[in-house]
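To convert a position in the sequence shown, counted from 1, into my numbering, add 13.
Just so it is clear, CB atoms sit at the ideal spot from N, CA and C, and this is done for glycine as well.
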Amino acid sequence: MTLTLDLQSLRTQQRVLLRPLRLSVAPGCVHTLMGPSGSGKSSLLAALCGTLPEGLYFDGTVQLAGRRIDRLPPQARRVGMLFQDDLLFPHMTVRENLLFALPAGPAAAREAAVRQALADVEMGAFAQTDPATLSGGQRARVALARALLAQPLALLLDEPFARLDVALRERMRTLVFGLVRARKIPALLVSHDLADVADPALLTHLLSAP
14 MTLTLDLQSL
24 RTQQRVLLRP
34 LRLSVAPGCV
44 HTLMGPSGSG
54 KSSLLAALCG
64 TLPEGLYFDG
74 TVQLAGRRID
84 RLPPQARRVG
94 MLFQDDLLFP
104 HMTVRENLLF
114 ALPAGPAAAR
124 EAAVRQALAD
134 VEMGAFAQTD
144 PATLSGGQRA
154 RVALARALLA
164 QPLALLLDEP
174 FARLDVALRE
184 RMRTLVFGLV
194 RARKIPALLV
204 SHDLADVADP
214 ALLTHLLSAP
């Protein structure tokens with residue numbers, strides 16, 4: 014389930030944001046992208062998952078598990094996304110937030126998937142909890158469970174630890190990287206923090222195009 018990116022350019026109509034970039038992320042590995050603010054890191058992740066905003070253009074190819082996905086709609090790419098903000102629905106319980114992320118299917122199977130997802134992130138006792146009462150670290154765990162519920166073939170991480178305190182960051186990094194290894198999926202992480210780098214050999218500094 015290797016994730017392979019061959020970027021020719023990421024651009025607006027007026028200028029090129031990113032230089033050409035080629036990288037491959039093997040199953041179970043986390044490749045980190047670093048660069049200055051405005052260098053196009055988050056926009057690159059949006060291009061990979063198919064949610065690039067209007068006015069930005071991706072030139073290149075993306076392959077996942079041997080299949081080209083850059084021309085597919087977002088829901089067909091099998092790519093999970095974890096953001097800096099948890100984006101939980103405030104009017105739903107933790108359980109309902111996770112059920113909302115699942116496709117239609119037998120009720121028993123969907124409930125079992127939610128229970129397992131919460132157990133995987135050590136949040137099994139919080140299924141009926143209002144997200145507003147959770148700590149920042151707990152909300153981050155629920156967001157991670159939701160991202161993994163759809164059984165993605167790759168995981169994109171857009172500064173998911175940035176708003177956590179130092180101790181929580183370390184615990185969340187350990188949890189996220191451990192689940193990536195256990196599920197044998199490739200992950201691409203955008204960060205400004207060198208402490209987030211899972212493997213110094215898997216680090217790319219993005220340079221804005223001149």
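> For P144, is the classification buried or exposed, using 16 other Cβ atoms within 10 angstroms of its Cβ as the cut-off for buried?
Replying inline: buried
> CB R224 to CB A89, shorter than 7 Å?
Replying inline: Residue 224 lies beyond the stretch modelled for the chain, which goes from 14 to 223, so this question has no answer here.
> DSSP on R32, reduced to helix/strand/coil?
Replying inline: coil
> Just checking, does the segment 91 to 100 make contact with the segment 149 to 166 on the three C-beta pairs under 8 Å criterion?
Replying inline: yes
> Per DSSP, H218 is paired with what?
Replying inline: M47
> For V107, which option in S148, P86 and E67 has the closest C-alpha, if you only look at C-alpha atoms?
Replying inline: S148
> To which residues of the same chain is A163 closer than 8 Å at the C-beta, ignoring the five residues directly before and after it?
Replying inline: R91, G93, A114, L115 and P116
>> If distances are taken between C-alpha atoms only, which option among Q27, V43 and L61 comes closest to R194?
In response: V43
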